[in-house]
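Trainee: So that we are looking at the same thing, I have put the structure below in C-alpha cells.
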Amino acid sequence: MKQIMDGNEAVALAAKLARVKVISAYPITPQTTVVEKLADYVSNGELDAEFMKVESEHSAMSACIGAAATGVRAFTATSSQGLMLMSEMLYVAAGLRLPIVMTNANRSISAPLSIWCDQQDSMTVRDSGWIQLYCENNQEILDTTIQAFRISEELLLPVMVCYDGYILSHTLEPVDCPDQADVDAFLPRYNYPYALDPEKPVSIGAVGVPEYYMEFRYLLQKAVQESKAKIVEIDREFKRRYGRGYGILEKYQSDDAEVVILTMGSLSCSCKDIVDSLRQRGEKVGLVKLKSFRPFPTEEIIEALGRAKAVAVVEKDISLGYAGGLFIDTAAAFVNTGKAPLMINFICGLAGRDVTSAHLKQAIRETQKAAETGKVEKKIRWLGLQEKLVEE
Amino acid sequence: MKLKPGAVITEPGSSERYETGGWRTFRPHIDDSKCTGCGICWLFCPEAAITKDKPPKVDLRYCKGCGICANECPVKAIIMMEEGRK
Amino acid sequence: MKEISDVELIAPGHRACAGCACVLSLRHALKALGKNVIISQATGCMEVTTTPYPETAWRVPWIHVAFENAAAVASGVSRALKILGKTHIKSVAIAGDGGTADIGLQALSGAMERWEDMLYICYDNEAYMNTGIQRSGATPFGAWTTTTPVGKTKRGEDRPKKDIPAIMIAHGTPYVATASVAYPLDFVKKVKKAAAIRGPTYVHVHAPCVPGWRIDSSKSIEVARLAVLTGAWILYEHEGGKTTVTFKPAKRRPVAEYLKLQGRFRHLTEEEIKEIQKMVDEQCRRLGIE
Numbered sequence: 134m135k136q137i138m139d140g141n142e143a144v145a146l147a148a149k150l151a152r153v154k155v156i157s158a159y160p161i162t163p164q165t166t167v168v169e170k171l172a173d174y175v176s177n178g179e180l181d182a183e184f185m186k187v188e189s190e191h192s193a194m195s196a197c198i199g200a201a202a203t204g205v206r207a208f209t210a211t212s213s214q215g216l217m218l219m220s221e222m223l224y225v226a227a228g229l230r231l232p233i234v235m236t237n238a239n240r241s242i243s244a245p246l247s248i249w250c251d252q253q254d255s256m257t258v259r260d261s262g263w264i265q266l267y268c269e270n271n272q273e274i275l276d277t278t279i280q281a282f283r284i285s286e287e288l289l290l291p292v293m294v295c296y297d298g299y300i301l302s303h304t305l306e307p308v309d310c311p312d313q314a315d316v317d318a319f320l321p322r323y324n325y326p327y328a329l330d331p332e333k334p335v336s337i338g339a340v341g342v343p344e345y346y347m348e349f350r351y352l353l354q355k356a357v358q359e360s361k362a363k364i365v366e367i368d369r370e371f372k373r374r375y376g377r378g379y380g381i382l383e384k385y386q387s388d389d390a391e392v393v394i395l396t397m398g399s400l401s402c403s404c405k406d407i408v409d410s411l412r413q414r415g416e417k418v419g420l421v422k423l424k425s426f427r428p429f430p431t432e433e434i435i436e437a438l439g440r441a442k443a444v445a446v447v448e449k450d451i452s453l454g455y456a457g458g459l460f461i462d463t464a465a466a467f468v469n470t471g472k473a474p475l476m477i478n479f480i481c482g483l484a485g486r487d488v489t490s491a492h493l494k495q496a497i498r499e500t501q502k503a504a505e506t507g508k509v510e511k512k513i514r515w516l517g518l519q520e521k522l523v524e525e
Numbered sequence: 003m004k005l006k007p008g009a010v011i012t013e014p015g016s017s018e019r020y021e022t023g024g025w026r027t028f029r030p031h032i033d034d035s036k037c038t039g040c041g042i043c044w045l046f047c048p049e050a051a052i053t054k055d056k057p058p059k060v061d062l063r064y065c066k067g068c069g070i071c072a073n074e075c076p077v078k079a080i081i082m083m084e085e086g087r088k
Numbered sequence: 093m094k095e096i097s098d099v100e101l102i103a104p105g106h107r108a109c110a111g112c113a114c115v116l117s118l119r120h121a122l123k124a125l126g127k128n129v130i131i132s133q134a135t136g137c138m139e140v141t142t143t144p145y146p147e148t149a150w151r152v153p154w155i156h157v158a159f160e161n162a163a164a165v166a167s168g169v170s171r172a173l174k175i176l177g178k179t180h181i182k183s184v185a186i187a188g189d190g191g192t193a194d195i196g197l198q199a200l201s202g203a204m205e206r207w208e209d210m211l212y213i214c215y216d217n218e219a220y221m222n223t224g225i226q227r228s229g230a231t232p233f234g235a236w237t238t239t240t241p242v243g244k245t246k247r248g249e250d251r252p253k254k255d256i257p258a259i260m261i262a263h264g265t266p267y268v269a270t271a272s273v274a275y276p277l278d279f280v281k282k283v284k285k286a287a288a289i290r291g292p293t294y295v296h297v298h299a300p301c302v303p304g305w306r307i308d309s310s311k312s313i314e315v316a317r318l319a320v321l322t323g324a325w326i327l328y329e330h331e332g333g334k335t336t337v338t339f340k341p342a343k344r345r346p347v348a349e350y351l352k353l354q355g356r357f358r359h360l361t362e363e364e365i366k367e368i369q370k371m372v373d374e375q376c377r378r379l380g381i382e
C-alpha cells in the first residue's frame, strides 16, 4: 500500500515491520524523528519492544550488543557526531560478529559543527567491519532496512543502512509499504547461535591474544568480503516477493558510455536526470550508482566502469589529506588490472551544499574533456566551492 | 581447534587447562593436629585450590603459593614452606 | 559458612596475581549469585586474567565489550531477558573502580536513572591496576600510583576518593551497599539481597591489589580487614531511603595501622597521616561510627 512518508518515517516503519525487540537510540539531528516515531509506536502499543532511553550513542550501541548477544533483535539509528561517539562500539560489534542493524542519516562532521547532509560520517567508519548499504530514495530506505535484518542475521555481521540527512530523512516521497504478514514471511525469527544462556554458558569478548587475533581478523575480512553473495541473494528474493530489487550496484545507461558518473545515495537521482538530458542530445554518458560500499564489489565495479574512457567519481565526503573515499577505493580496485579508466574525483555537497544540475554538468564536461585529451589536469576537484573565500 | 565467529569461547571453565601451580615458590604445609576444620582457608583462597575438609587438601595444580591461607588460619595450622624443601 | 555455596563458578587456571583479593571477591559474588546470571564485564584485571582466548575461567554466561560500558551492555542484556521472559536470570554488570568511577560513570548513571533491572558490582582496588597501577577517581588521598608518584613537587594522590556509592544513592537507586573482601559473609548477604530486588542495585566491594598497594600476597585479606577496622572503609547498606552501617568496629583503630602495611603509603609523613586520620574521622562521624 502506497503511503507518503519521509526517510526517517520509512526507517521507523521498517524497524516496526521487522518486529525489532530492543530499540536503543539517542536522538541526533537529522535522525531525531526516527527515535520519536519509534517511541510513539512502542508507547501506543503498535510495536512490542523495549525502548531504551540511553544516555549516549556509545551506550546505544553497547546496549544493542548486550541485547543481540542475549538473543533478541536489536536496532539503533544515528548520524554524524553520534556515529563518531559510537565508533568504538562499531568495531566491537563487527569483531564480535553480532547481527545488529543500524540506520545512519548521513550528516556532516564537526568541526566546524554542521547538521547538514554529507557522507563524511559513514565514509569515515568504512573500516569498521560493518556492511554499508546506501539508499537513493525513501522506498529504497524502507526496503534496504528490512533486508538488512535478514542479511545481518544470516551472516552474523552488523549492517549499516545509510541515507542522506534532510535530503531523504526529511523529504516526503511515496513509498510502497509491505504489510506485516509479508515481512513476517520474509524475516524469520531472530537466532544468534551463541546466545548468552546459563544452560549453555559461553564467554563472548575474550582477549584476542597475538596467537589468534590475526586469524580472527582474517576470518572477519573474509566474512565481510564474501557477504556480497548473500546480499545479492537476499535482494533477489526480495525482488521476487515485492517486485523491487537493487543489487550491489545499478548501471544506468552506462554500458556503452564514454563518460560514466560513479556516485552513492540520493545524488544518483539527480545524476539520472542529467544523464537522461545529455543522452537526449546524443552524448554517451551514463551513471553507476553504488549501493554496497562495504563489501566493496571490486569485480562489479571493474565491469561497470572498465569500458568507460573517463569516470567522474562524485561524492559528498573527503578523506582529509588525500581524496574522497569512494574515489580512493575505486581507484584501488583497478590496480594491476590494466583496465583503469581516467578518473576525476569531484567533492561536492559538503554540509548540505546544493549539488545543482549546473555542477553535475560541469563535472561531466571536465570528465569528457579528459576522455578526449586522454589527460586529467586536476585529479581532485571541488564542485560548488566559493573560490573567492578560499583564495590566498 | 575450530575458531568460532567473534572469538566466542563455548567451553566454560576451560582455564583449568592452565596449571598455575607452576607459579609457586612457596607451598602451604598443613599441621593436621592443629586444624579445626573451620573452612576459613577454603573461604579466602583466590584459586579455590584448598578444600573445606579437615584437614584441607591443597590442589597443587593451581595453588599459586600466595600464603593467604596461612595468614588467615585462626589456629596457625598452615605454614608456607619453600618449594623444594622437605 | 553454611550460607556460602560450595559451587565454584570461576574455574582455577585464571591469570590473576597470587593473593589477588579482587578475583576472590568475584568468587564470593558468584557464590551469592548462583548460575542463573549473565555477566557483562568491563575491561580490567578481572576480565583479561579470566579470558585469554581460547580459555575462560567463567562457568556462567559472560560478555565483555569495552572499558566504559559494562552498565550499558548489562542494560541491553536485562531488556533482552525481559523480552524472552527469562525472569529467573539476573543481568549483572561487573567492573573495577576504573570502569566505574571514571570512564564508566556515564553508562552507570544512565542505567541507574533508567531504572534498569540489573545488579552492578564494582570491585575497588583503588587504581587502574590492569594497565599497571595508574590512579583512578577511587584512589585514596596520599596513595602512590604511577600517575601520582612521590617526588619533589608531588606527594602521591592529592584528591580524596570519589564516593561512588553516594552518587548511586543520589540516583535514588533502591539498594546500595559497600562491602569488603575480608567480610565475605556480609558481602554474600548483600549480593543476594541486591540480586533479588527487581530494579537497579549497586554493591561496591573493597578489594586490595598485591602489586598495586605494594603488599605481601599473603596479607591482602588482612589489609582489607584493617581498612574496615580503622574506618578507612565503612560497610553499610542503603535501602528504603535509610543508610545502616552493617559492621561497626568495637574500638576503631588508628588509620596508621592500615596505612603502614602498604608500600603505596610508605612515603607519608606523620603530618600527612594525621590529615588522613581527620578525613577518616569525618567519614566515620557522618555514618555514626565513633
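Here the protein sequences come in this chain order: A, B and C. Quick note: the first sequence uses the numbering used here, first residue 134, plus one each step. Quick note: the second sequence uses the numbering used here, first residue 3, plus one each step. Quick note: the third sequence uses the numbering used here, first residue 93, plus one each step. Cβ atoms here follow ideal geometry from the backbone N, Cα and C, with glycine treated the same way.
With A/Glu-306 as the anchor, note down where its beta strand (DSSP E) starts and where it stops.
Mentor: 306-309
Trainee: Return helix, strand or coil for A/Met-219, following the three-state DSSP convention.
Mentor: helix
Trainee: Which residues mark the beginning and the end of the alpha helix (DSSP H) in which C/Glu-139 is found?
Mentor: Taken as a continuous stretch (DSSP letters only), the alpha helix (DSSP H) holding C/Glu-139 covers 137-140.
Trainee: Pairing CB atoms from the region 43-51 of chain B with CB atoms from the region 106-119 of chain C, are three or more of them under 8 Å?
Mentor: Judged by Cβ distances under 8 Å, the region 43-51 of chain B makes contact with the region 106-119 of chain C, as three or more pairs qualify.
Trainee: I want to see whether chain B comes within less than 8 Å of A/Arg-230, judged by CB atoms only; does it?
Mentor: Yes, its Cβ sits closer than 8 Å to a Cβ of chain B.
Trainee: Just the Cα atoms here: how many angstroms apart are A/Cys-402 and C/Ile-186?
Mentor: 50 Å
Trainee: For a contact defined as C-beta to C-beta under 9 Å, what are the partners of B/Glu-2 on chain C?
Mentor: In the structure as shown, chain B starts at 3 and stops at 88, and residue 2 of chain B therefore has no counterpart that could be examined.
Trainee: Could you work out which residues of chain C lie near B/Met-3, taking near to mean beta carbons separated by less than 9 Å?
Mentor: Pro-146
Trainee: Please name the residue, chosen from A/Ser-247, A/Arg-259, A/Ser-336, that lies closest to C/Tyr-145 on a Cα-to-Cα basis.
Mentor: Nearest option by C-alpha distance: A/Ser-336.
Trainee: Relative to the C-alpha of B/Gly-39, which candidate in B/Phe-28, B/Ser-17, B/Gly-23, B/Pro-58 has its C-alpha closest?
Mentor: Nearest to B/Gly-39 by alpha-carbon distance, out of B/Phe-28, B/Ser-17, B/Gly-23, B/Pro-58, is B/Pro-58.
Trainee: Taking 8 Å as the CB-CB limit, is C/Gly-168 close to chain A?
Mentor: With its beta carbon less than 8 Å from one in chain A, C/Gly-168 belongs to the interface.
Trainee: From A/Ser-241, A/Val-357, A/Gln-252, A/Asp-312, pick the residue whose C-alpha is nearest to that of A/Leu-289; which is it?
Mentor: A/Val-357
Trainee: Should A/Leu-216 be counted as a contact of the ligand ZN given a C-beta to heavy atom distance under 7 Å?
Mentor: In the structure on display, the ligand ZN does not appear, and there are no ligands present to speak of.
Trainee: Along the region 35-64 of chain B, what residues have a CB closer than 7 Å to any CB found in chain A?
Mentor: none
Trainee: Under 8 Å between C-beta atoms, does B/Ile-78 make it to chain C?
Mentor: Note on residue identity: the sequence assigns Lys, not Ile, to residue 78 of chain B. So no, B/Lys-78 is outside the interface.
Trainee: Spell out a yes or no on whether the region 220-228 of chain C and the region 168-179 of chain C are touching, meaning 3 or more CB-CB pairs, one atom from each, closer than 8 Å.
Mentor: They do not touch, by the three-pair rule.
Trainee: Consider the Cβ of B/Gly-86: report whether some Cβ of chain C lies at a distance smaller than 8 Å.
Mentor: no
Trainee: Throw me the rounded Cβ distance for the B/Ala-9 and A/Ala-339 pair, which I believe falls under 8 Å.
Mentor: 5 Å
Trainee: Of all the beta strand (DSSP E) runs that stay within the bounds of the region 208-269 of chain A, which reach a length of 3 or more residues?
Mentor: 234-239, 264-267
Trainee: Could you compute how far the alpha carbon of A/Ile-198 sits from the alpha carbon of A/Gln-519?
Mentor: The straight-line gap from Cα to Cα measures roughly 44 Å.
Trainee: Can you find a CB in chain A that lies within less than 8 Å of the CB of C/Trp-207?
Mentor: Not one chain A Cβ lies under 8 Å of C/Trp-207.
Trainee: What did DSSP end up calling C/Thr-338 once you bin it into helix, strand or coil?
Mentor: strand
Trainee: Let's see if you can read the secondary structure: which residues bound the alpha helix (DSSP H) around A/Ile-435?
Mentor: Annotation: the continuous alpha helix (DSSP H) that includes A/Ile-435 extends over 431-438.
Trainee: Three Cβ pairs or more, each shorter than 8 Å: is that satisfied between the region 59-67 of chain B and the region 25-37 of chain B?
Mentor: yes
Trainee: Based on the DSSP secondary-structure assignment, which residues constitute the bridge partners of C/Cys-214?
Mentor: C/Ala-187, C/His-296
Trainee: Ignoring anything shorter than 4 residues, give me the alpha helix (DSSP H) runs that lie fully in the region 224-299 of chain C, in order along the chain.
Mentor: 256-262, 276-288
Trainee: Report yes or no: do three or more beta-carbon pairs, one from the region 226-240 of chain A and one from the region 463-470 of chain A, lie closer than 8 Å?
Mentor: Touching, no.
Trainee: Thinking just about the alpha-carbon of each residue, which of A/Met-138, A/Tyr-224, A/Thr-506, A/Arg-486 is nearest to the one in A/Arg-350?
Mentor: A/Tyr-224
Trainee: Does DSSP put C/Ser-97 in a helix, a strand or coil?
Mentor: Coil at C/Ser-97, not helix or strand.
Trainee: Would you say B/Ile-32 faces chain C, with C-beta separation under 8 Å as the test?
Mentor: no
Trainee: Look at the alpha carbon of A/Ile-156 and the alpha carbon of A/Phe-208, and state the distance between them as a whole number of angstroms.
Mentor: 5 Å
Trainee: Does DSSP put A/His-492 in a helix, in a strand, or in coil?
Mentor: helix
Trainee: Could you spell out the range, first to last residue, of the alpha helix (DSSP H) harbouring A/Ser-195?
Mentor: 190-203
Trainee: Going by alpha carbons, who is nearest to C/Trp-236 out of C/His-359, C/Leu-379, C/Ile-130?
Mentor: C/His-359
Trainee: Kindly indicate the opening and closing residues of the alpha helix (DSSP H) around C/Lys-123.
Mentor: 113-125
Trainee: At the 8 Å Cβ level, is A/Thr-203 part of the contact set with chain C, yes or no?
Mentor: yes
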